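K.L.:
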Ligand SMILES: [Zn+2]
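In my numbering, the protein residues as written are 45 to 354.
Below you can see the structure in the form of structure tokens.
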């Protein structure tokens, strides 16, 4: 789920100040979707599904052993995903990796889970096994059918050896959710970061722990090189140079909020000040909202008051 940052007063009243307007499960209009295959390099491609609401990325590793996918939007989008996969060649989906538990990333699990091995951080499985009621969703999500539950889970990291690559999943910290994974394709030099980061021109990537997001992005930045392709959940691909510009702005914003808390400012006062000016050139004006929700998330991260179930 991409938590959109528009501050909607009515929405806040409805959800008790939770903070972020959000796309809900079932609200994405896939009948108006446009799909596209972006060849990244070698045997790696990106299937992009652009709906009026959102861009959804599915990362695809192609090889003699079959497909390995990272993320898949809602199950209803499967026909268009499968059509694009067929264009890449008729192969079975052997592995499906989830970067986190949100419905627009695990929608392929129930489709491919009978035959493919689903791998995710252990909290993805835990959350999919029971009904979830995060603040941004008016209706409960799940429980999902058992075939959709990840079959292999891990706490901190796991490596999958498939189609000639070594694919490493790392859970650095709670960030966007408590189930985030960063997925490195060592040979292809591609990394999928899920929803902890968006390329320039999109909304800010938020979640339950912005400090954790900054920690994870620092780990990614330390590991990637100038040729690494950084794939996100909902934006165009990014790279090290761009992430290296983003992270200092994020860290400076966190420190600013920390100073203001120390000076005795309330969450409301900090939110009302808006984002630091450094952010302004970063985002497309029509998507740039002032970031009150994001500042509230930073405040909650520092004060440890954000809900874990997000
Ligand atoms: Zn998400």
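No residue lacks a Cβ here, since even glycine has one placed at the ideal position from N, Cα and C. Remember, predicted model here, so these are calculated numbers, not experimental data.
Would you mind listing the beta strand (DSSP E) stretches within the region 152-194 that are 3+ residues and don't spill past its ends, in chain order?
P.N.:
Whole beta strand (DSSP E) segments, 3+ residues: 161-165.
K.L.:
Can you check which of these residues, 155, 92, 131, 85, is closest to residue 119 by C-alpha distance?
P.N.:
Of the candidates 155, 92, 131, 85, the one whose C-alpha sits nearest the C-alpha of residue 119 is 155.
K.L.:
Within the present structure, is the beta-carbon of residue 238 separated from the nearest heavy atom of ligand 1 by less than 8 Å?
P.N.:
At least one heavy atom of ligand 1 is nearer than 8 Å to the Cβ of residue 238, so yes.
K.L.:
Hey, how far is the Cα of residue 219 from the Cα of residue 270?
P.N.:
The alpha-carbon atoms of residue 219 and residue 270 are separated by roughly 25 Å.
K.L.:
Just to confirm, does residue 221 get its C-beta within under 8 Å of one of the non-hydrogen atoms of ligand 1?
P.N.:
Yes, ligand 1 has a heavy atom inside 8 Å of this Cβ.
K.L.:
Taking residue 188 and residue 172 to be in contact with their CB atoms under 8 Å, please state how far apart those CB atoms are, rounded to whole angstroms.
P.N.:
About 4 Å separates the two Cβ atoms, so the contact holds.
K.L.:
Helix, strand or coil for residue 94, going by three-state DSSP, please let me know.
P.N.:
Strand, per DSSP.
K.L.:
For residue 144, verify whether its CB is less than 8 Å away from any heavy atom of ligand 1.
P.N.:
Result yes, Cβ under 8 Å from ligand 1.
K.L.:
Is residue 186 close to ligand 1? I mean its beta-carbon at under 8 Å from any heavy atom of the ligand.
P.N.:
Answer for residue 186: no, Cβ out of range of ligand 1.
K.L.:
Since residue 315 and residue 340 should fall inside the 8 Å C-beta cutoff, what is the C-beta to C-beta distance between them, to a whole number of angstroms?
P.N.:
That pair is a contact at about 5 Å.
K.L.:
Let me check understanding here. Comparing Cα to Cα, which of 110, 93, 350 lies closest to residue 208?
P.N.:
Among 110, 93, 350, the Cα nearest to that of residue 208 is on 110.
K.L.:
Between which two residues does the alpha helix (DSSP H) carrying residue 338 extend?
P.N.:
Here the alpha helix (DSSP H) through residue 338 covers 336-347.
K.L.:
Indicate, with yes or no, if ligand 1 has a heavy atom lying under 8 Å from the CB of residue 149.
P.N.:
Flag set: Cβ of residue 149 near ligand 1.
K.L.:
Considering only heavy atoms of ligand 1, does any lie closer than 8 Å to the CB of residue 277?
P.N.:
It does: the Cβ of residue 277 is within 8 Å (strictly closer) of some heavy atom of ligand 1.
K.L.:
According to DSSP, simplified to helix, strand and coil, what is residue 50?
P.N.:
Here the model assigns residue 50 a pLDDT of 39, short of 50, so the residue's position is not dependable, and the following value carries that caveat. DSSP places residue 50 in coil when its eight states are reduced to three.
K.L.:
Identify, in the order they occur along the chain, each residue of the same chain with its Cβ nearer than 6 Å to the Cβ of residue 142, setting aside the five sequence neighbours on each side.
P.N.:
149, 150, 164, 168, listed in sequence order.
K.L.:
If you measure between the beta carbons of residue 287 and residue 345, is that distance less than 9 Å?
P.N.:
Result no, Cβ atoms of residue 287 and residue 345 do not sit closer than 9 Å.
K.L.:
For residue 256, which residues does DSSP report across the bridge?
P.N.:
None; residue 256 has no bridge partner.
K.L.:
Taking the continuous beta strand (DSSP E) assigned at residue 113, which residues delimit it?
P.N.:
Its beta strand (DSSP E) spans residues 110-114.
K.L.:
Give the DSSP-derived three-state secondary structure of residue 287 in the structure shown.
P.N.:
Helix.
K.L.:
Would you kindly report the start and end of the unbroken alpha helix (DSSP H) that includes residue 228?
P.N.:
Premise fails: residue 228 lies in the beta strand (DSSP E), 226-229, not in any alpha helix (DSSP H).
K.L.:
With which residues is residue 313 paired in a DSSP beta bridge?
P.N.:
Looking at the DSSP assignment, residue 313 forms no beta bridge with any residue, so it has no partner.
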